[in-house]
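The sequence shown: position 159 = 160 (this note's numbering), numbered continuously.
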Amino acid sequence: MSEPEGLTLLFESHRSHLRAVAYRMLGSATEADDAVQEAWLRLNGSNTSDVANLGGWLTTVVARVCLDILRSRRREEALDAEVVDSIADSKSDPEQETLLADSVGVALLVVLDTLSPAERVAFVLHDVFDLPFDEIAPIVDRTPDAARQLASRARRRVRGGERTSNADFQRQRVAVDSFLAALRAGDVEGLLAVLDPDVLVRMDAAPGAPPREFRGAANWARGATAAFSRFAPVVQPAVVNGTVGLVIAHGGKLSRALTFTVANGKITQVEIITDRDRLQQLDLSVLDQ
Numbered sequence: 002m003s004e005p006e007g008l009t010l011l012f013e014s015h016r017s018h019l020r021a022v023a024y025r026m027l028g029s030a031t032e033a034d035d036a037v038q039e040a041w042l043r044l045n046g047s048n049t050s051d052v053a054n055l056g057g058w059l060t061t062v063v064a065r066v067c068l069d070i071l072r073s074r075r076r077e078e079a080l081d082a083e084v085v086d087s088i089a090d091s092k093s094d095p096e097q098e099t100l101l102a103d104s105v106g107v108a109l110l111v112v113l114d115t116l117s118p119a120e121r122v123a124f125v126l127h128d129v130f131d132l133p134f135d136e137i138a139p140i141v142d143r144t145p146d147a148a149r150q151l152a153s154r155a156r157r158r159v160r161g162g163e164r165t166s167n168a169d170f171q172r173q174r175v176a177v178d179s180f181l182a183a184l185r186a187g188d189v190e191g192l193l194a195v196l197d198p199d200v201l202v203r204m205d206a207a208p209g210a211p212p213r214e215f216r217g218a219a220n221w222a223r224g225a226t227a228a229f230s231r232f233a234p235v236v237q238p239a240v241v242n243g244t245v246g247l248v249i250a251h252g253g254k255l256s257r258a259l260t261f262t263v264a265n266g267k268i269t270q271v272e273i274i275t276d277r278d279r280l281q282q283l284d285l286s287v288l289d290q
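Shown next, in the form of structure tokens:
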């Protein structure tokens, strides 16, 4: 076997791990593949004869590439919500979106997207892939103690802070889980069973305009199952402002959030948030399984 062939085989043996790292860093299948490809190019252009742990070396390269991508995102001008939605819808691959949601979790990707690039890298490398902080430190250009603090801050964001009382929280969760199950199944009767007959639904309208309102479960349920069917792979429960809600994201980018008011086991109010500024102000964390 020639040396290039051997190098290719070694790299391919690490590809799935590198792609998993990049997925969690970036929340985008396309960008993750780009980061892995960049690692391959750097491997080809480097003398790695003295590298004792090629997997660790490649993980470091991918992490640094991802950090550069995350920092570049922060420098770009923000697109308005309608443009973001149209780009996500036009480029999304349903199979890849489903894979991403199943393997990582939409809610986790959404929360990770609220972190600074260095916090995200430190958290993913340590909490997800068990890298020690002395290896993470040079990647994020910090001391090991500072890298530990980055991961700790990120962990608090992921886990969330104050929530409603445990009993109320569990009642919310049961209702929202039933709501989501009915939506995913296209089950109008199941949706009607969890909605209060006089449920009020509010949805963001154009910037500066008052929200649109829908009153009554029968008026909204059938249209809701149809409208949300295309979001099925990328919708997941999350903690939104301390209560159980839903987040919808393409490629890890939050496009919609739903909050709920629950009384006597029924959903009495739904708010659908699509405004970019409002989405950025939400306090989001991952819902424990």
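Cβ atoms here follow ideal geometry from the backbone N, Cα and C, with glycine treated the same way.
Predicted model only: the values in this text are computed from it and were never measured.
From the DSSP output, which residues share a beta bridge with residue i?
i	result
LEU255	ALA250
THR244	VAL241
THR260	GLU272
LEU44	For LEU44, which the question treats as bridged, DSSP gives no partner whatsoever.
MET204	ARG213, ILE273
LEU196	ILE268
SER230	DSSP output for SER230 lists no bridge partner at all.
SER286	VAL240
Once you ignore the five residues that flank residue i on each side, which residues in its own chain have a CB closer than 8 Å to its CB?
i	result
ASP51	none
THR260	VAL241, ASN242, THR244, GLY246, VAL271, GLU272, ILE274
ALA89	Here ALA89 scores only 42 on pLDDT, less than 50, and its place in the model should not be relied on; the value that follows carries that caveat. The answer, listed in chain order, is HIS251, GLY252, LYS254, SER256.
HIS18	GLY56, THR60
VAL287	GLY106, ALA108, LEU109, VAL112, VAL159, ARG160, GLY161, ALA239, VAL240
TRP41	PHE12
Specify, as a first and last residue, the run of the beta strand (DSSP E) that residue i falls within.
i	result
ARG216	213 to 216
ALA239	236 to 241
LEU181	From DSSP, LEU181 is part of no beta strand (DSSP E) but of the alpha helix (DSSP H) over 167 to 186.
Can you tell me where the alpha helix (DSSP H) with residue i in it begins and where it stops?
i	result
ASP278	277 to 282
ARG143	No alpha helix (DSSP H) contains ARG143, which DSSP labels as neither H nor E.
LEU116	Looking at the DSSP string, LEU116 is not in any alpha helix (DSSP H), and its letter there is neither H nor E.
THR60	55 to 76
Work out the CA separation of residue j and residue i for me, nearest whole Å.
i	j	result
VAL177	VAL271	10 Å
PRO145	HIS251	33 Å
PRO133	GLU120	15 Å
ALA301	ALA218	One cannot answer for residue 301 here, as it falls past the ends of the chain, which runs 2 to 290.
LEU116	THR60	20 Å
THR31	ARG257	22 Å
SER179	LEU11	47 Å
TRP221	LEU181	15 Å
SER14	ARG20	12 Å
ILE70	THR269	42 Å
GLY28	LEU110	6 Å
PRO139	ASN45	22 Å
ASP35	GLY191	42 Å
ASN48	ALA228	54 Å
VAL62	ARG149	20 Å
PRO118	ASN265	42 Å
GLN282	ASP276	10 Å
ARG172	ASP114	28 Å
ILE137	VAL37	18 Å
PRO208	ASN54	53 Å
ALA33	SER73	15 Å
Tell me, to the nearest whole angstrom, how far the beta carbon of residue i is from that of residue j; I am working on the premise that it is less than 8 Å.
i	j	result
VAL141	ALA155	Going by Cβ atoms, the distance from VAL141 to ALA155 rounds to 11 Å, so no, they are not a contact pair.
LEU201	ARG216	6 Å
LYS254	LEU196	Incorrect: roughly 28 Å between the Cβ atoms, too far for contact.
VAL125	ARG16	With a Cβ gap of about 18 Å, VAL125 and ARG16 do not count as contacting.
ILE1	VAL236	Outside the shown range of the chain, which is 2 to 290, sits residue 1, and nothing can be said about it.
PRO238	ALA108	7 Å
THR226	VAL189	6 Å
Against chain D, with Cβ distances strictly below 8 Å, would residue i count as a contact?
i	result
GLN150	In the displayed structure, chain D is absent; only one protein chain is listed.
Got a sec? Which residues, its chain only, sit under 7 Å from residue i by beta carbon, not counting five neighbours each side?
i	result
VAL1	Past the boundaries of the shown model lies residue 1; the chain is included only from 2 to 290, so the question cannot be answered.
ASP135	PRO145
Spatial neighbours of residue i within its chain, please: CB distance less than 6 Å, with the 5 preceding and 5 following residues excluded, ordered by chain position.
i	result
GLU39	VAL66
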